[in-house]
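Colleague: My structure is below; once you've seen it, I'll send some questions.
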Amino acid sequence: MARSWRPDVPIETHQLLKHGAITACELIPWGSNYTFCVTLRFDGRQDQAVYKPRRGERPLWDFPDGTLYRREYAAFVTSQALGWPFIPPTVIRRGPHGAGSVQLFVDSEPLRSIRALQETVDLDLARIAAFDFIANNADRKGGHVLRAPDGKLWGIDHGLCFHIDSKVRTVLPHFFGQPVPASVLTEIQTFRNDRARVKGLREILGRSIGRDEIDALLRRIDWMLAHGSYPSLNPYRSVPWPPF
Ligand SMILES: Nc1ncnc2c1ncn2[C@@H]1O[C@H](COP(=O)(O)OP(=O)(O)O)[C@@H](O)[C@H]1O
Ligand SMILES: [Mg+2]
1440 MARSWRPDVP IETHQLLKHG AITACELIPW GSNYTFCVTL RFDGRQDQAV
1490 YKPRRGERPL WDFPDGTLYR REYAAFVTSQ ALGWPFIPPT VIRRGPHGAG
1540 SVQLFVDSEP LRSIRALQET VDLDLARIAA FDFIANNADR KGGHVLRAPD
1590 GKLWGIDHGL CFHIDSKVRT VLPHFFGQPV PASVLTEIQT FRNDRARVKG
1640 LREILGRSIG RDEIDALLRR IDWMLAHGSY PSLNPYRSVP WPPF
C-alpha cells in the first residue's frame, strides 16, 4: 500500500524536536503569549527551538481556548502540503510546562522596516501572502517574517490561523486584489489535484483543528484558484496593530 503523505522533514530534525531532551528553557519576553526558547538534545545533536505551551496561551475572545499551539502545527503541515517549506519544522509534544508546539529556531537578521519588507521582491513573499489568505492568518506582523543570513524568508507565529470567519490581518496588504504569480498558482493547483496529499493533509489536520475549519481552508484554496488573485480585503481593517 502506498505510504500516506506526510510533511517532509529530515528524520534527525524530527527526532530532535519530537524526542530531544529539553536542557534549557528561557522565556522570550516580547512574545504575546508565554513563549520559550529551549535547547534540545538528541543523539549527540543540539539545537534551539521555540516552545509554546498550551498553558501559556493568553485567552482570546474569538479563538477557542487552548488551541493556538495546535494551529501552529496545523499551519506548518499546511505549508508543507502546499510545497512551501517557509515555516520552520514544528511538532506537538510535552515540555517543562506541559503540551505545546515546538518549532525549530531560525537565525535571522532584524527586519529594517515594514516598508523594506513590502518592497521585497521574492516569490516566497508572494507564497507567504497566499498562505495567509489560505490559512486565514489573523496575525502576519512585521516580526513574523524572518530573513535568514542566506537570504531565505521564513514565516513564524501561526497560532491565529484557520478560523472559519474571515480574519486576515497582514502587513502585506499590497498583495490585496493583485494576481497571484502564475508559478504560485500552479503550485496551489498541483496540491489541489494531488488526492493523496489532500487526504493526508485532512487526516493530520483532523487531529489539530475542526472539520469545519478544514473545509473552510479548502474552500479558500478553491476560491484562490478560481479567481487567480489575492482577495481585495479592506487595507485599513485587515492590517495588524501594532504592525510589529
Ligand atoms: N522559529 C523561530 N525562530 C526564531 N525566532 C522565533 C521563532 N519563533 C518565534 N521566534 C521569536 O520569538 C518571538 C515570539 O514568538 P511569536 O511566535 O511571535 O510568539 P507569540 O505567539 O507569543 O506572539 C518572535 O517575535 C521571534 O523573535
Ligand atoms: Mg507574535
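Heads up, the sequence shown is in our numbering, so the first residue is 1440 and it goes up one at a time.
All residues carry an ideal CB built from backbone N, CA and C; glycine is no exception.
How many angstroms separate the CA atom of A1488 from the CA atom of V1610?
Modeller: About 25 Å.
Colleague: Taking only three categories from DSSP, how would you classify D1486?
Modeller: In this structure, D1486 counts as strand in the three-state DSSP scheme.
Colleague: Can you list, in chain order, the residues of its chain with a C-beta nearer than 7 Å to that of D1561? Leave out the 5 residues immediately preceding and following it.
Modeller: Same-chain partners within the cutoff: L1592.
Colleague: Would you say the beta carbon of F1597 comes nearer than 7 Å to a heavy atom of ligand 2?
Modeller: Looking at the sequence itself, residue 1597 is His, so the reference to Phe does not match. No - ligand 2 has no heavy atom lying nearer than 7 Å to the Cβ of H1597.
Colleague: Identify which residue in G1667, V1619 and I1595 has its Cα closest to the Cα of A1513.
Modeller: Residue I1595 is the option with its Cα nearest to A1513.
Colleague: Taking just the CA atoms, how far does M1663 sit from G1616?
Modeller: Roughly 11 Å between the two C-alpha positions.
Colleague: Using CA coordinates, which residue listed in P1468, A1655, F1515 and R1566 is at the minimum distance from S1605?
Modeller: Of the listed residues, the one whose Cα sits closest to S1605 is A1655.
Colleague: Work out the CA separation of V1584 and E1548 for me, nearest whole Å.
Modeller: Their backbone Cα atoms lie some 10 Å apart in a straight line.
Colleague: Alpha carbons only, please: which of G1590, I1660 and F1601 is nearest the one belonging to G1645?
Modeller: Residue F1601 is the option with its Cα nearest to G1645.
Colleague: Please find out if some non-hydrogen atom of ligand 2 comes closer than 7 Å to the beta-carbon of H1666.
Modeller: No, the beta carbon of H1666 sits no closer than 7 Å to any heavy atom of ligand 2.
Colleague: Report, in whole angstroms, the separation of the C-beta atoms of G1534 and V1607, which I expect to be a contact under 8 Å.
Modeller: That belief does not hold up - the Cβ atoms of G1534 and V1607 are roughly 30 Å apart, past 8 Å.
Colleague: How long is the line joining the alpha carbons of P1528 and F1630, rounded to whole angstroms?
Modeller: Going by the C-alpha atoms only, they are around 19 Å apart.
Colleague: Determine the burial state of P1674: buried for a count of at least 16 other Cβ atoms within 10 Å of its Cβ, exposed for fewer.
Modeller: Exposed is the call here.
Colleague: Measuring alpha carbon to alpha carbon, tell me which of A1565, K1457, S1622 and P1449 ends up nearest Y1669.
Modeller: Answer by Cα proximity: A1565.
Colleague: Which word fits L1479, buried or exposed, when buried means at least 16 other C-beta atoms lie within 10 angstroms of its C-beta?
Modeller: Answer is buried; the Cβ neighbour count reaches 16.
Colleague: Does the Cβ of G1470 lie closer than 7 Å to at least one heavy atom of ligand 2?
Modeller: Yes.
Colleague: Taking the alpha-carbon positions, what's the G1581 to A1555 distance?
Modeller: Rounded to the nearest angstrom, the two C-alpha atoms are 10 Å apart.
Colleague: Which residue wins for smallest C-alpha separation from D1447, given the options W1523, E1511 and Q1557?
Modeller: Of W1523, E1511 and Q1557, the residue nearest in Cα terms is W1523.
Colleague: Does DSSP put T1478 in a helix, in a strand, or in coil?
Modeller: Strand at T1478.
Colleague: Out of F1481, N1472, D1482 and D1633, which one is the CA nearest neighbour of S1540?
Modeller: Ranking F1481, N1472, D1482 and D1633 by Cα distance to S1540 puts N1472 first.
Colleague: Cα-Cα, which of F1475, G1483, L1521 and D1482 is closest to F1544?
Modeller: Comparing Cα-Cα distances from F1544 to each of F1475, G1483, L1521 and D1482, the minimum goes to F1475.
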